[in-house]
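2 protein chains.
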Amino acid sequence: MDTLLEKLKENNLKNTPKRRAVIGLFLREGASLSPCRVRILLKKKLPKLGLPTVYRILDELEKIGVLVKVQTDDRKLHYSICSMPENRHHHHFICRKCKKVKEVEYCNFKDVSRFIRDKLKCVAESHSMQIEGLCEKCI
Amino acid sequence: MDTLLEKLKENNLKNTPKRRAVIGLFLREGASLSPCRVRILLKKKLPKLGLPTVYRILDELEKIGVLVKVQTDDRKLHYSICSMPENRHHHHFICRKCKKVKEVEYCNFKDVSRFIRDKLKCVAESHSMQIEGLCEKCI
DNA sequence: TTATAAATAGAAATGATTTCTATTTATAAT
DNA sequence: ATTATAAATAGAAATCATTTCTATTTATAA
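Residue numbers (the numbering used here), protein chains in the order written: chain A, 52 to 190; chain B, 52 to 190.
See the structure below:
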């Protein structure tokens with residue numbers, strides 16, 4: 052938590068109660084959350100927290116690397132906490148039951164891009180992968 | 052084209068001018084298109100084509116396997132034609148310049164799911180991957 | 001040719017996300 | 001501690017993709 056709060060300062064973002072609450076929530080939940088869900092879960096503690104504020108906070112936290120966007124089938128915004136050190140490439144596993152997100156430090160970009168080059172004559176520049184399944188607890 | 056039109060019949064969908072036009076468009080373009088873009092591109096030929104109709108046609112064509120949804124960063128709907136025989140697992144490469152979509156018959160799901168099982172103690176059930184880059188013509 | 005269900009147009013609703021403005025607050029300098 | 005300042009926030013309103021609804025039109029099988 053403290054490390055994450057320092058990140059705010061490093062990036063000239065003020066340490067406000069709402070930002071702390073959002074970070075704390077993601078740490079507790081460990082799951083991917085939509086802006087709407089974030090608001091609902093913080094409703095009791097922060098009844099005046101507005102949805103636009105939630106959107107802005109999530110956006111800021113993503114920009115400084117505290118959160119990551121997670122792709123979902125419903126094409127809505129979802130974020131989860133990101134504990135991976137900056138710029139360390141990785142993917143995400145999401146439990147389809149409890150929505151917990153785990154970081155996956157496995158990648159085969161080399162093989163993929165070789166395939167793209169040899170078979171399609173194209174140049175792969177980036178890729179993203181989402182893996183869905185059941186986590187340890189939900190199996 | 053004829054193969055695709057047969058698919059309509061197989062699935063009890065009528066062979067209408069609008070459906071033919073949409074399929075034809077995707078065949079010509081070979082790129083991923085949003086519903087809005089589909090409408091714009093067909094405006095001249097079908098001035099009365101409504102957006103709700105486009106949405107419904109795209110949805111139907113996806114359900115019968117003529118089109119596939121393509122994931123994009125903007126979290127909007129995008130489709131592209133799918134020439135891969137049913138249920139043959141594959142991924143998609145999208146050119147970031149011209150938006151052309153190419154099917155990628157390469158997958159490393161075995162390795163990924165082994166990693167998920169051994170390192171995270173989770174069970175991977177499905178995954179999706181998008182690869183972005185430059186196609187032959189746009190390099 | 002006709003009867004029928006399916007397909008469509010167009011208006012309207014929905015709902016996520018963004019923008020805007022006035023007010024409040026964290027923080028650095030005193 | 002106080003104060004000045006820019007940054008952060010609330011709340012209303014706008015935007016825009018997507019969906020729903022209803023009346024009308026059309027493809028197709030008999």
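Here a beta-carbon is modelled for each residue, glycine too, at the ideal position from N, C-alpha and C.
According to DSSP, residue pairing for Phe-144/A in a beta bridge involves Lys-153/A and Ile-182/A. Taking a contact to require three or more Cβ pairs closer than 8 Å, the stretch 132 to 144 of chain B and the stretch 101 to 120 of chain B qualify as touching. Taking a Cβ-Cβ threshold of 7 Å, the residues of chain A close to Val-163/B are Tyr-157 and Ile-182, in chain order. Taking C-beta atoms as the reference points, Cys-173/B and Cys-173/A fail to come closer than 8 Å. Within the stretch 84 to 113 of chain B, contact with chain A at the beta-carbon level (separation under 8 Å) is assigned to no residue.
Its chain contains Pro-86 as the residues whose beta carbon lies nearer than 7 Å to that of Tyr-106/A, once the 5 sequence neighbours on both sides are disregarded; these appear in chain order. Taking the CA atoms as reference points, Asp-125/A sits about 20 Å from Leu-92/A. In the structure shown, Ile-132/B falls within a strand segment according to DSSP collapsed to helix, strand and coil. Sequence-distant partners of Leu-102/B (beyond 5 residues in either direction) whose C-beta falls short of 8 Å from its own C-beta, in its chain, are Pro-86, Cys-87 and Arg-90.
For a Cβ distance threshold of 8 Å, residue set Arg-147, Glu-183, Gly-184 and Leu-185 of chain B lies close to Glu-176/A, ordered along the chain. At a cut-off of 8 Å, the C-beta of Ser-131/B has no neighbouring C-beta in chain A. Rounded to the nearest whole angstrom, the CA to CA distance from Leu-84/A to Asn-66/B is 42 Å. Glu-176/A sits in a strand when the DSSP states are folded into three classes. Counting the other Cβ atoms within 10 Å of the Cβ of His-140/A gives fewer than 16, which makes it exposed. Pairing Phe-144/B with Leu-109/A gives a Cβ-Cβ distance that is not under 8 Å. Leu-102/B sits in a helix when the DSSP states are folded into three classes. Excluding residues up to 5 positions away in sequence, His-142 lie with their Cβ nearer than 7 Å to the Cβ of Met-180/A in the same chain. Along the stretch 115 to 129 of chain A, the positions whose C-beta sits under 8 Å from a C-beta of chain B are Gln-122, Arg-126, Lys-127 and Leu-128, read in chain order.
For Leu-64/A, there is no enclosing beta strand (DSSP E), as DSSP gives it neither H nor E. For Leu-171/A, the chain B residues whose Cβ falls inside 8 Å of its Cβ are Phe-144, Lys-153, Val-155, Cys-186 and Glu-187, in order along the chain. When DSSP states are grouped into helix, strand and coil, Leu-112/A belongs to the helix group.
For Ser-134/A, the nearest beta carbon of chain B is not closer than 8 Å to its own beta carbon.
Under the DSSP definition of a beta bridge, Leu-118/A partners with Ile-132/A. Put simply, the backbone Cα of Val-73/B is about 19 Å away from that of Lys-127/B. Annotated as distal: Asn-159/B and Asp-169/A, with beta-carbon spacing of 8 Å or more.
In this model, Gly-81/A and Lys-99/A are separated by some 24 Å (Cα to Cα). Taking the CA atoms as reference points, Ile-167/B sits about 32 Å from Arg-70/A. Against Ile-190/B, the close residues of chain A are Lys-172, Cys-173 and Val-174, in the order they occur along the chain (beta-carbon pairs closer than 9 Å).
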